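What follows is a single structure, written as structure tokens, with notes after it.
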Amino acid sequence: MREYCIFGIMRNIDNKINQQRKAIIIGATSGIGKCLVPLLINSGYKVGITGRRSEKLMEMQSEFGDHVVILCSDISELSIVVRDIEQLVETLDGLDLLVISAGTGDLNSALEFEPEKRTIDTNIAGFTLLADWAFNYFKNKKTGHLAAITSIAGLRGSRFAPAYNASKAYEVNYLEGLRQKAKHEKLNISITDIRPGFVKTAMAKGDGQFWVASPEKAAKQILRGIKRKCTVVYVTKRWRLIAILFKMMPRWLMDRI
42 MREYCIFGIM RNIDNKINQQ RKAIIIGATS GIGKCLVPLL INSGYKVGIT
92 GRRSEKLMEM QSEFGDHVVI LCSDISELSI VVRDIEQLVE TLDGLDLLVI
142 SAGTGDLNSA LEFEPEKRTI DTNIAGFTLL ADWAFNYFKN KKTGHLAAIT
192 SIAGLRGSRF APAYNASKAY EVNYLEGLRQ KAKHEKLNIS ITDIRPGFVK
242 TAMAKGDGQF WVASPEKAAK QILRGIKRKC TVVYVTKRWR LIAILFKMMP
292 RWLMDRI
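Okay, here's the thing in structure tokens:
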């Protein structure tokens, strides 16, 4: 009888391990992505984290131990990024939530091509490759959640950072297309578009910033939106007002800003 009880306990432990939710954050070595890691862990996830800087990944491994699995990967390396993610999913033994937090952008009023290309490679090509992979993975699994950090900048163009705003507009519309596709095909796939305003990270460039949030505060609001499976999350919430103004603002006025 004692042996049976022990076996039952072990079986329950195995079931809990197998049922633990799994998340991957693409671009988790700094900023919002990094702040999301402990929040997801505290919410019961085992978290796969990727980034380009191996030293930062090792620091996070030391900090979070067995709660995380690390993988050095660059979203813009299109030939190997899917292989990297599939390897991470295999190590995690599954995937329930993919958060695309990797992104780049530069102020580029001189229209030098290299900064624009870097933005396109990361925010459009790399983003599309991973978003499509996640959608098909969750389709085969019959369930899943894709969340991506776009930007309030995706609502209008910008003379200061043409490629960045255009790439974020692409992401916003691409996610909407995937959401429509999931609904049309009656798939249990949630798509969350996260649109931050100014957040105090390396991505926040230029003068005249206002309503600047800490990455910790942004991450908390993002997690709340993910848990609620929101369609669109503005971070912080007050940026919804700016979004409304952006959409209503006539082109002639935007051209003068």
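Adding 41 to a residue's 1-based position in the sequence shown gives its number in my numbering. C-beta: ideal position from N, C-alpha, C; glycine also. Owing to the predicted nature of the structure, the values given are computational and were not obtained by experimental measurement.
So what does residue i bridge to, in DSSP terms?
{"i": "A64", "result": "V88, L138"}
{"i": "T233", "result": "A188"}
{"i": "Y205", "result": "None, per the DSSP bridge assignment."}
{"i": "V240", "result": "A254"}
{"i": "Y275", "result": "R236"}
Under a Cβ-count criterion, where at least 16 other Cβ atoms within 10 Å of its own Cβ denotes burial, should residue i be classed as buried or exposed?
{"i": "I54", "result": "Confidence at I54 is low in this model, with a pLDDT of 42, below 50, so the placement of that residue is unreliable and no value is reported for it."}
{"i": "T83", "result": "Checking the displayed sequence, the identity of residue 83 turns out to be Asn instead of Thr. Burial call: exposed."}
{"i": "F154", "result": "exposed"}
{"i": "K63", "result": "buried"}
{"i": "M289", "result": "exposed"}
{"i": "T70", "result": "buried"}
{"i": "S103", "result": "exposed"}
{"i": "N177", "result": "exposed"}
{"i": "V151", "result": "Here the sequence assigns Ala to residue 151, which means Val is not the residue at that position. Exposed, by the Cβ-count rule."}
{"i": "S114", "result": "buried"}
{"i": "G247", "result": "Low confidence applies to G247: its pLDDT is 46, below 50, so where it sits in the model is not reliable, and the reading given next is rough at best. The residue in question, G247, is exposed, as its Cβ has fewer than 16 Cβ neighbours within 10 Å."}
{"i": "G266", "result": "buried"}
{"i": "S231", "result": "buried"}
{"i": "I126", "result": "buried"}
{"i": "I298", "result": "exposed"}
{"i": "K75", "result": "buried"}
Beta strand (DSSP E) containing residue i: first to last residue?
{"i": "C113", "result": "109 to 113"}
Could you check how far apart the C-beta atoms of residue i and residue j are, in whole angstroms? I think they sit under 8 Å.
{"i": "L138", "j": "A188", "result": "7 Å"}
{"i": "T184", "j": "K209", "result": "Wrong, their Cβ atoms sit about 28 Å apart, outside the cutoff."}
{"i": "V88", "j": "V109", "result": "5 Å"}
{"i": "K34", "j": "S255", "result": "Within the shown structure, residues of the chain are numbered from 42 to 298, placing residue 34 beyond reach of any answer."}
{"i": "F105", "j": "V130", "result": "F105 to V130, Cβ: 18 Å. No contact."}
{"i": "T163", "j": "S117", "result": "5 Å"}
{"i": "Y205", "j": "T160", "result": "6 Å"}
{"i": "M263", "j": "I67", "result": "The sequence given here places Ile at residue 263; Met does not occur at that position. Incorrect: roughly 14 Å between the Cβ atoms, too far for contact."}
List the endpoints of the continuous alpha helix (DSSP H) containing residue i.
{"i": "I126", "result": "122 to 133"}
{"i": "L80", "result": "72 to 83"}
{"i": "M101", "result": "95 to 105"}
{"i": "R159", "result": "154 to 160"}
{"i": "M289", "result": "280 to 289"}
{"i": "K182", "result": "168 to 182"}
For the structure I just gave you, are there three or more beta carbon pairs, one from the stretch 88 to 108 and one from the stretch 126 to 143, closer than 8 Å? Yes, they touch.
Assess, as a yes-or-no matter, whether the stretch 226 to 235 is touched by the stretch 261 to 277 under the definition of 3 or more beta carbon pairs within less than 8 Å. The stretch 261 to 277, when compared against the stretch 226 to 235, does touch it at the 8 Å Cβ threshold.
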